[in-house]
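Residue numbering for the sequence shown is 184 to 370, as defined by the working numbering. Where a beta carbon is used, it is the ideal one built from N, C-alpha and C, also for glycine.
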Amino acid sequence: AAAHVLWEQGLLAPETDACFHTRSGLLRATHNNGMIELDFPATPAQPAPAPPGLLTSLGLNKGDIYRSRFDYLVAVENEPAVRTLQPDFSALGQIEARGIMVTARSDDPAYDFISRFFAPAAGIDEDPVTGSAHCTLAPWWAPRLGKSSMTAYQASRRGGVIKVGLQDDRVRLGGQAVTIFCGELHA
């Protein structure tokens, strides 16, 4: 979003990369034919035991549980299971993790997989489109789908399409950004 504003306001030429110094290191954003592409380190997930209350707080009876450095990943059997989730956010907020992503293979041939991301412990019941979650989803889905370039759909109420690429230990995420409101701060 910050890179989008820099390009949209003419503070940075579209052919110039936007570079941000973050806690994870240098983040580079590029502008490519109306798409913004970001390059992140992958955060793979490993099989893990389900913490008490995880599945029930999501309203699920079953799911395969994985844990990345920051989040839980819950793989479910189909897209409707992802779309119809009605989490108990109070209970979900008690899970010790930055967030919880739920994912399944997409029924829509336009997308490879679908997901939702919840982070009530961080004050965000459901995030509309989550780049950091796709840094875990990319290395999880790539071997299962047999491809390194994928198209994902995050099925929040707002929803969003993410172009996902995995190369070695890096994840490239691409999408479009739109300005939904502008304002001014006065000191």
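Pop quiz: residue i and residue j are said to be a contact at Cβ under 8 Å. What is the actual Cβ separation, rounded to whole angstroms?
i	j	result
Ile219	Ala212	6 Å
Leu349	Pro322	6 Å
Phe265	Thr286	A small correction: the amino acid at residue 265 is Val; Phe does not occupy that position in the sequence shown. So it is a contact: roughly 7 Å between Cβ atoms.
Phe203	Arg353	Contact flag wrong, Cβ pair sits at about 16 Å.
If we count the other Cβ atoms within 10 Å of its Cβ and call it buried at 16 or more, is residue i buried or exposed?
i	result
Ile363	exposed
Thr313	buried
Thr267	exposed
Gln269	exposed
Arg299	buried
For residue i and residue j, what's the separation of their Cα atoms in angstroms?
i	j	result
Pro232	Gln359	36 Å
Ala185	Leu210	12 Å
Ala258	Ser339	17 Å
Gly306	Ser315	16 Å
Arg355	Pro197	18 Å
Gly236	Leu275	8 Å
Ala304	Thr226	20 Å
I'd like to check one pair, residue j with residue i: are the Cβ atoms closer than 7 Å?
i	j	result
Ile345	His317	yes
Ser251	Thr319	yes
Leu256	Asp295	no
Gly282	Asp308	no
Quick one: does the C-beta of residue i sit closer than 6 Å to a heavy atom of the ligand MN?
i	result
Asp254	In terms of ligand content, the structure shown is empty, and the ligand MN therefore cannot be addressed.
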